[in-house]
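Shown next, in C-alpha cells, is the structure this report addresses.
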Amino acid sequence: MVGAQPCWKLAYTGSVGSQSLTGIPIVRALRDDPAWADRARIWPFETGLAAPSEAQIVFAEVWPSWWRKEIRADYGPPNDKAQVRSVARIFAAANRTCELPAWFAGDPNLTAEQRHLVETEEAWTLGVISPRRNAPATPNPTLPRLRGRDPCGADRANLTLPRKRGRDDRRESDGGVGAVSPSIANRYDYLRDPAAIYRQSFAAIHAEADLARFPPALRPVALRLAHAAGDTTILDDLAWSRAAAQAGRRALARGMPVLVDAAMVAAGIMQDRLPAQNRIICMLHNRSVSDIAAAQRTTRSAAAVELWRPHLKGAVVAIGNAPTALFRLLELLAEGADQPALVLGFPVGFVGAAEAKQALIDFGDDLAYIALRGRRGGSALAAAAVNALAAGTRT
C-alpha cells in the first residue's frame, strides 16, 4: 500500500487503473440516483474519516487482498467471487460486534494535514488502520458479548471503579506531591479509544431511541443532541419546522455566519468542520452591550441580540443559554428585521426557557426552527445541533 503505482496498470482491461477509470462513473451514477441520493454518502469525501452517522448507503474503497489470509477459496471460483464473499463476511462480523465503525477512522496516527489530504483528495481504504496493519477480522476478545443486552450498548465500556480506601490503606507516594502509585494508577479499567467511545455511544442511542420517527435529514441532529445530553429522553421534546435541517445545511454551505448567544455555544462548535470557514459571531462581550441593556432595562443577552441585526439575513442562529435572547430575536423579527435561515432554540432554565421556545414554535410557518420544548437545553445542545448540520454539508 506504500508508494505510487506504476503507469502500466492503466494499460489493459482488468488492470487496477482501468477498474478505477471504469468504476468511477458507475459510482457517480449510483451516488446521484434519486432513489437514494439523500441517504448515500461517499467515504471519506462526504463524511470525513469517521463513521457516517447519517447515511444508510456508504460508498467506500475496499482492497480484498488486505485480508488475503482470510479469503476462503471455497467461496469461489473465480477468485474475485471468493474475495467479495469473504470480505463481506468479515465486514458483517465486524458490524455485528460494533467494530466496523472504528474502521472508518483510518490510521489514528495521521497528522491533521494528512487527514485533510485524505478527506479532500487522496481518500483511504476502508479497514486499513495503519500502514502495515489491517483492522482485525475477528471480534476483539477483550469486549465480551453480554447475554441479554445489546452487544453494542454502552455497558460494554466495562468500567470498574476501585473500592474506597480507608485510613489504613493510605500510603505516602515515593514520587512526591501529586504522584500516583502504580497500584492506584492501574486500578481503573475503562475505555480509552476515542473511536470506540463514539461507536458505543451512538450504538446505545440507536438502541434506546426511535430515530426513525424523525425525518431522515433531522436524524443526525437528533443523534448528536442525545449524545451531547447523555439522555435519549430529550428527543421526546424535540420540535422542528418542515425542512429545517436542510435550510440550516444550505446556509452553512453558502458560508453564512452562525450567531450565538453565549461564548459557551461558540466554544462547542467545531470550527474546522464548518464547510465554508463560516464566522461564529457572539456579541455578548461587545462594549456597547451593557449600555444597551441599561437603556432597555433588559438582560445583556437580549441586548447583544440588537447587534445581530446586520448579520441576521440568511444566518444560522444558535441560542443555548438565555431565554431573553430568544424572546428578543422573535421581537426583532416581528418588527421586520431580516430573517435568518434557521433558528436553533435551546435556551435552558426555570424562568422563561419553556415559554421562549414555545413562542419560537408558534411564531409562524416562514421561520425555520429546531427547538427543545420545556426547561431543558443548554449551550452543549445548541453547539451539537450546529455540528450535526455542518457534518451534513461535507462534500
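Residue numbering for the sequence shown follows our numbering, beginning at -12 and increasing consecutively. We put the beta carbon where it would ideally sit given N, CA and C, even for glycine.
- Bridge pairing for A27: I44 [DSSP].
- Taking C-beta atoms under 8 Å as the contact rule, L354 and L320 qualify, at a distance of about 7 Å.
- DSSP places Y185 inside the alpha helix (DSSP H), whose first and last residues are P181 to E195.
- Following the DSSP letters along the chain, one finds G323 in no beta strand (DSSP E), marked with neither H nor E.
- C-alpha of P202 to C-alpha of A253: approximately 27 Å in a straight line.
- Using a 10 angstroms sphere on the CB of P244, the tally of other CB atoms reaches 16 or more, which defines it as buried.
- DSSP places G255 in the helix class (H, G or I) of the three-state scheme.
- Distance from the CA atom of D61 to the CA atom of R55, rounded to whole angstroms, is 14 Å.
- If you check the CB distance, G332 and L313 come in under 7 Å.
- With fewer than 16 other Cβ atoms from the protein chains shown falling within 10 Å of its own Cβ, F337 counts as exposed.
- In this structure, the beta-carbon distance from W30 to A47 falls below 7 Å.
- Cβ-Cβ distances below 6 Å link A343 to P310, L313, F314 and P334 in the same chain, with the five nearest sequence neighbours on each side left out; the list follows chain order.
- Spanning the alpha carbons of A215 and N96 requires a straight line of approximately 26 Å.
- In summary, G364 is buried, with 16 or more beta-carbon neighbours lying within 10 Å of its beta-carbon over all protein chains present.
- Residue range Y356 to L359 is occupied by the beta strand (DSSP E) that includes L359.
- In the displayed model, V303 falls within a strand according to three-state DSSP.
- Where A289 is concerned, the enclosing alpha helix (DSSP H) starts and stops at R287 to E293.
- Exposed is the label assigned to E100, since fewer than 16 other Cβ atoms lie within 10 Å of its Cβ.
- In this structure, the CA atom of L113 is about 50 Å from the CA atom of R287.
- A24 and A280 have their C-alpha atoms some 48 Å from each other.
- For the 7 Å CB-CB criterion, A230 and L205 do not form a contact.
- Each residue's CA atom was taken as its position, placing N308 and A263 some 26 Å apart.
- Per DSSP, I268 is one residue of the beta strand (DSSP E) stretching across I267 to C269.
- By the beta-carbon neighbour count (other beta carbons within 10 angstroms, threshold 16), T98 is exposed.
- The DSSP-derived three-state label of T112 is strand.
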